[in-house]
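Below: one structure, written as C-alpha cells.
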C-alpha cells in the first residue's frame, strides 16, 4: 500500500486526527487540551507565508507543499552513529529516544525521554512556548512524539551532555517534531552539545526547546546543525533566564536545503545574561536563516550576539535579530553584530536588525556588514605561496573565528569546528 | 636572474608601464627610484601577479621561467617575494599559522618536507631574534595591531623564512624610524649571496645608505630613463628628479 501524504497544514491536521489516540500522553487531560489548542492554531494559521513579517525572507512553501508522513516505527539494521564527543549521550533516531543507543548512566541529574515521563511534565511542557506568534511551535505541540527532558537540580554541575538527532532515510518524505524540555535549578550548570544530522531523504526536523534557567544557573549550548542536503530544519528555542543566570549558545548551521534556527530568550531577572553566536553556511540553492528575539525584561542584564553568514553558489542567507528593551530594563547592555561574506555573485543576504527600546538608560549597539572576500587579503596570502583555495579557506575561517572566539569549551569548539570544516571541504573549494 | 624586456602594462585602461627593460643578475641588488606616479609600485605588482594590472606587451622571466603566465602562488613558489608597502592586516588569522602555512606551501612546491609546529617555531624564533622581534608577534593576528615598523619587520621575517631568489621591496623604508630601518636593512643584507637578488623600490636615497645597491635605475613616466652605480642615488638626492627629467 502506498500512502500519499497530504501536503500543508491540512495534511498535518489530518494526520493528527488519525494519530491522536496513539500519540504519547493521549490520556493526559492537560496534554489533550494543549494539543487541541495547538490544532486550533495550526488550523487557523497554517504555514506562514511571506506576507507574515517574520517570514518575509524565508519562503516555507517547499515545506508546505511537501507531504510528510511519520517516520517508520522501527528503524531496521545497524546505525552508523558518529563517535560520542561526551561521555553522556542521548540519541534520538527520527525524533524518538533510543535508550539502546544512548549512554545516560551515572548522571547527577535527570535525563530522560519526554514520551516516557509526560506525567512529570504537566505545567512545564508548553509553559514557555507560546503558539500564537509561532506557527511552528504550534505544529510541534500538535505532533510531538518524544524529546529530551533534562532536569538539573539546584547547585548541581551536570557536566557535558550530547544530544544527537539522526534522521534515517526511509525512502519517502517524513517529519518529526521533537519537544525538548530543559530545566536548570538555581546555581545549576550544564554544557549541552546538540547535533542534528541525517541522510539524503527529504525530511522535516522541527524541534522545539523550552529552556528554563533559575537564578544563577548557567547553560552552555553548542549546536551543530549538519542535516542532510534535502532536509528542512526548523528549530525553535524558547528560553527564560532568571536573575544572574546565563544562557550561552554557539550554533553552526551548515546543513539542510532550508534551515531556520530561531531563538527567543527572555532575561527576566536582574543581571541575567545571554550570548547568542551563530555561524551559518549555505551553498547551492540552500537557504539559512537565523532569527532571534531578545527580551530584556529586567535591569542590569547583558546580551551579546554575533551572527556570521557565509554564502556560496546561489544560496540565500537571512538574519533577523530583534532586541526589545522594556521600560523596567534600565542599565541594559546589548550588542548585536551580523556580518555576511558572499563567495559568489549569485548569493543573496537579507539582514534585518531591530532595536525596540523603552528604557532610557541603556547601552545598545548593533552593526551589519555584507561583502565579498577582501581581494587584498587574498593576494597577500597568494603572494606568499598559499594556493588560492587554501587562502580562501583561511580567510573564511578567520571571518568565522569571531563567532567562535567566546567559546572556552574545547569539546564544543572541536565539534563545531568539525562541522565548519566539513562544509568547507564539500562546498568551499568549488565556490 | 630576472629579465624584463619591453614590458608594458596598464591599469583601468591607462598605460602605466611603457616599455621596461631590466636585467638583475643573480647575487645583485638593484634599486628602482622614481617620483610618485612613475610606475614603481605597478612594476612590483605586475611582477608578483596582482589582479587589476594588465600586461599589454613584453616579457618577464625568472631563471628563464615566464613569470607573467603564472598565478601569484606559483610565482612565490618559483622564488618571487614581494615585501608590501602596506602589509595587509588579517584579523582572525594567527601570525604563526600564516607563516607556517606560507612556508610549508613553498616547501611543498619545491618538493621539500613540510615543517611540523615544533620545527617551525624553532626556525621562526631564530629568525625573529635576528630581527629584534618579540615572540608575542607570533600569537597575534597577522599584522593586527602591529606598528608600522613591526609590519615591515614582519615582511622581512617572511622573506627570511621563505628564502626567495628574487625579493621585491616596495617602499619598505616608508614609515620606518632610523632604528627600524637599520634592522630591516640588516635583514635584507643577511640574505645577500650568489642565489639572491633584489629589486629595492624607493622614493628616497636614505634606505640605500644601508642596503647598498649594485645598480640604480631611475623610473619616470613608465620607463627607465637612467641607470648607474650607487652614486646615481646620491646625485638624485642632491639634484632631485627634475634635473634627470630635463636631461632625459
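Residue numbers (this note's numbering), protein chains in the order written: chain B, 1353 to 1783; chain V, 41 to 288. The C-beta atom is built at its ideal place from N, Cα and C for all residues, glycine as well.
Taking 8 Å as the limit between beta carbons, can you name the residues of its chain near residue i, skipping five residues before and five after?
| i | result |
| --- | --- |
| residue 1455 (chain B) | 1436, 1439, 1440 and 1441 |
| residue 284 (chain V) | 258, 260, 265, 266 and 276 |
| residue 1353 (chain B) | In this prediction, residue 1353 (chain B) has a pLDDT of 39, which is less than 50 and means its spatial position is unreliable; nothing more can be read from the coordinates. |
| residue 201 (chain V) | 139, 142, 143, 163, 164 and 167 |
Which chain B residues sit within Cβ distance under 7 Å of residue i?
| i | result |
| --- | --- |
| residue 198 (chain V) | 1736 |
| residue 42 (chain V) | Under the 7 Å cutoff, chain B gives no residues; its nearest Cβ is about 16 Å from residue 42 (chain V). |
| residue 88 (chain V) | 1735 |
Just to confirm the assignment, what range does the beta strand (DSSP E) spanning residue i have?
| i | result |
| --- | --- |
| residue 1754 (chain B) | Careful: residue 1754 (chain B) lies outside any beta strand (DSSP E), inside the alpha helix (DSSP H) at 1740–1756. |
| residue 56 (chain V) | 54–64 |
| residue 1381 (chain B) | Careful: residue 1381 (chain B) lies outside any beta strand (DSSP E), inside the alpha helix (DSSP H) at 1381–1397. |
| residue 1533 (chain B) | 1531–1536 |
| residue 1642 (chain B) | 1639–1648 |
| residue 1465 (chain B) | 1462–1465 |
| residue 1602 (chain B) | 1598–1605 |
Does the ligand SAM have even one heavy atom less than 7 Å from the beta-carbon of residue i?
| i | result |
| --- | --- |
| residue 1689 (chain B) | In terms of ligand content, the structure shown is empty, and the ligand SAM therefore cannot be addressed. |
Are the Cβ atoms of residue i and residue j separated by less than 8 Å?
| i | j | result |
| --- | --- | --- |
| residue 1692 (chain B) | residue 1665 (chain B) | no |
| residue 1419 (chain B) | residue 1359 (chain B) | yes |
| residue 119 (chain V) | residue 198 (chain V) | no |
| residue 122 (chain V) | residue 208 (chain V) | yes |
| residue 1658 (chain B) | residue 1613 (chain B) | no |
| residue 1617 (chain B) | residue 1577 (chain B) | no |
| residue 1629 (chain B) | residue 1588 (chain B) | no |
| residue 1784 (chain B) | residue 1667 (chain B) | The shown model of chain B, from 1353 to 1783, leaves out residue 1784 (chain B), and the question about it has no answer. |
| residue 1764 (chain B) | residue 1511 (chain B) | no |
| residue 1523 (chain B) | residue 1569 (chain B) | no |
| residue 1622 (chain B) | residue 1595 (chain B) | yes |
| residue 1744 (chain B) | residue 116 (chain V) | no |
| residue 1502 (chain B) | residue 1534 (chain B) | yes |
| residue 1731 (chain B) | residue 91 (chain V) | yes |
| residue 113 (chain V) | residue 145 (chain V) | yes |
| residue 1562 (chain B) | residue 1477 (chain B) | yes |
| residue 281 (chain V) | residue 131 (chain V) | no |
| residue 69 (chain V) | residue 246 (chain V) | no |
Locate the alpha helix (DSSP H) running through residue i, then write down its first and last residues.
| i | result |
| --- | --- |
| residue 1366 (chain B) | 1360–1371 |
| residue 1632 (chain B) | No alpha helix (DSSP H) contains residue 1632 (chain B), which is instead part of the beta strand (DSSP E) from 1625–1634. |
| residue 1492 (chain B) | 1487–1495 |
| residue 41 (chain V) | Unbroken run through residue 41 (chain V): none, as it is neither H nor E. |
| residue 135 (chain V) | 135–149 |
| residue 1413 (chain B) | 1413–1417 |
| residue 223 (chain V) | 218–231 |
| residue 1705 (chain B) | Run containing residue 1705 (chain B): none in the alpha helix (DSSP H); it sits in the beta strand (DSSP E), 1700–1709. |
| residue 1763 (chain B) | 1762–1775 |
| residue 161 (chain V) | 157–170 |
| residue 177 (chain V) | 176–179 |
| residue 116 (chain V) | 112–118 |
| residue 80 (chain V) | 80–88 |
| residue 279 (chain V) | 271–287 |
List the residues of chain V whose Cβ lies closer than 7 Å to the Cβ of residue i, in chain order.
| i | result |
| --- | --- |
| residue 1449 (chain B) | Within 7 Å Cβ-Cβ: nothing; residue 1449 (chain B) doesn't reach chain V, min ~39 Å. |
| residue 1750 (chain B) | 130, 131, 132 and 133 |
Excluding the 5 residues preceding and the 5 following residue i in the sequence, name in chain order all residues of the same chain whose CB lies nearer than 7 Å to its CB.
| i | result |
| --- | --- |
| residue 1364 (chain B) | 1394, 1491, 1494 and 1495 |
| residue 1410 (chain B) | 1612, 1639, 1641 and 1670 |
Applying a beta-carbon distance threshold of less than 9 Å, which residues of chain V neighbour residue i?
| i | result |
| --- | --- |
| residue 1335 (chain B) | For residue 1335 (chain B) there is no data in the structure shown, the boundaries of chain B being 1353 and 1783. |
| residue 1687 (chain B) | Here the premise fails: no neighbours, minimum Cβ distance about 18 Å. |
| residue 1740 (chain B) | 111, 112 and 113 |
| residue 1701 (chain B) | Per Cβ cutoff of 9 Å: no residues; residue 1701 (chain B) is ~20 Å from chain V at best. |
Tell me which same chain residues have a C-beta within less than 6 Å of the C-beta of residue i, skipping the five on either side of it?
| i | result |
| --- | --- |
| residue 1652 (chain B) | 1622, 1623 and 1683 |
| residue 1401 (chain B) | none |
| residue 1646 (chain B) | 1617, 1655 and 1675 |
| residue 1554 (chain B) | 1525 and 1582 |
So residue i contacts chain B; which residues on that side make the cut at Cβ distance below 9 Å?
| i | result |
| --- | --- |
| residue 202 (chain V) | 1736 and 1737 |
At 8 Å on the CB atoms, spell out the chain B contacts of residue i, in chain order.
| i | result |
| --- | --- |
| residue 91 (chain V) | 1727 and 1731 |
What does residue i touch in chain V if you count any residue whose Cβ is under 8 Å from its own?
| i | result |
| --- | --- |
| residue 1588 (chain B) | Residues of chain V passing the Cβ test: none, with the nearest at roughly 31 Å. |
Output, in sequence order along the chain, the residues in the region 1716–1728 of chain B whose CB is closer than 7 Å to any CB in chain V. In summary, the residues of the region 1716–1728 of chain B whose CB is separated from some CB of chain V by less than 7 Å are 1727 and 1728, in the order they occur in the chain.
Using a Cβ-Cβ cut-off of less than 7 Å, give me the residues of the region 131–165 of chain V that come near chain B, in sequence order. Within the region 131–165 of chain V, contact with chain B at the beta-carbon level (separation under 7 Å) is assigned to 131, 132, 133, 141, 142, 145, 146 and 149.
Anything in the region 1598–1618 of chain B with a Cβ closer than 7 Å to a Cβ of chain V? List those residues in chain order, please. Those residues of the region 1598–1618 of chain B placed with their C-beta closer than 7 Å to a C-beta in chain V do not exist.
Select from the region 52–84 of chain V all residues with a C-beta closer than 7 Å to any C-beta belonging to chain B, and list them in chain order. Hits within the stretch: zero.
Between the region 103–128 of chain V and chain B, which residues of the former have a C-beta closer than 9 Å to a C-beta of the latter? Listed by position, the residues of the region 103–128 of chain V near chain B (Cβ gap below 9 Å) are 111, 112, 113, 114, 115, 116, 117, 120, 121, 122, 124, 126, 127 and 128.
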